[in-house]
Structure formats: C-alpha cells, structure tokens
C-alpha cells in the first residue's frame, strides 16, 4: 500500500493553505453550493462565462485540505476552457478518482489535477476530492437544461 502522506503532496498543501482562487467574484453568472454531509465540507462555486468560455471562477467555504485544494486546482484547470472541454476534464477527473480511467494519455488533460490520483487509495477522502467537480458538473447540467444561462444567476 502506498504511503497515504503521498496524497498530501506539495501542490495540494500549497493550494489548501494559500488559495488565490478563494474569493468572491463580482456579478458571477452562476453560483452553486456543494456540500458533503459526511464531513461537513461546504463550498460555494462562482463562475463567470464569456460565451462558451469559462472566463473566471472562484470559491468560498470551508473544509479539509483535500476539498479546498481540489476546488482551487479545479479552478486553475478549467479557467479559460470551453464548457465542452470542462465537461471532458471533469469526466476524466471523476474517472481517475473512481479508478475507471488510468491511461496516462487521458490523464494528461487534467494538468495539475493529476496530483489527486492517490486519493483513490483513501475511500474516506474520495468525496472530499470530488465535491467541487460534482458541483461544477451540476452548474453545467443546469445551464444546459435551462437552455439559457440564468439558473442560479446572481445578476
């Protein structure tokens, strides 16, 4: 079994303690709360779109180092991408954590988010790592379902 401290690598610790993504956006297009009742992690994700491009993202909330770092790294990974690219990256991240995707080629699109690969060895931390990714998935699916970008709109 791998050393569980490998999970808390430098990147994760850096993002959990000094996240420049932890802030409020002015007039976000979407806002969604993600909550993990098992451990009390809670985040509010804010998104600003420019057409189909994720122009800016931010989060607020509280939780363990894994949930906070995963949220921050997700923001770094998805910012500047199209919604379609974001959906593919989210699917890949979830697949990696659930051990359904392990192809190095597939995982390359995750950029720094690949740092969370070892979380799959810690069942109690899987939901922490996935919280932001599932919240972002909810925002995208609500946006697509509405056909118009006004679900949970904050303007």
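Numbering (the numbering used here), first residue to last: 14 to 168. Heads up, the beta-carbon is just placed ideally off N, CA and C, and yes, glycines get one too. From a predicted model like this one, the values you see are computed outputs, not experimental measurements.
request  = Answer with buried or exposed for residue 75, where buried requires no fewer than 16 other C-beta atoms within 10 angstroms of its C-beta.
outcome  = Under the 10 Å beta carbon count, residue 75 is surrounded by fewer than 16 other beta carbons and is classified as exposed.
message = Give me the DSSP bridge partner(s) of residue 76.
response = Answer is none; residue 76 lacks a bridge partner.
ask   = For residue 142, which of 123, 97, 81 has the nearest alpha-carbon?
value = 81
key: Of the residues 72, 139, 63, the one placed nearest residue 89, counting alpha carbons only   = 72
request  = Could you name the residues of the same chain whose beta carbon sits closer than 6 Å to that of residue 136, not counting the 5 residues immediately before and after it, in chain order?
outcome  = none
request  = Tell me, to the nearest whole angstrom, how far the beta carbon of residue 79 is from that of residue 25; I am working on the premise that it is less than 8 Å.
outcome  = 7 Å
key: Outcome for residue 53 when other beta-carbon atoms lying within 10 angstroms are tallied against a minimum of 16   = exposed
ask   = Alpha carbon to alpha carbon, what distance is there between residue 93 and residue 111?
value = 26 Å
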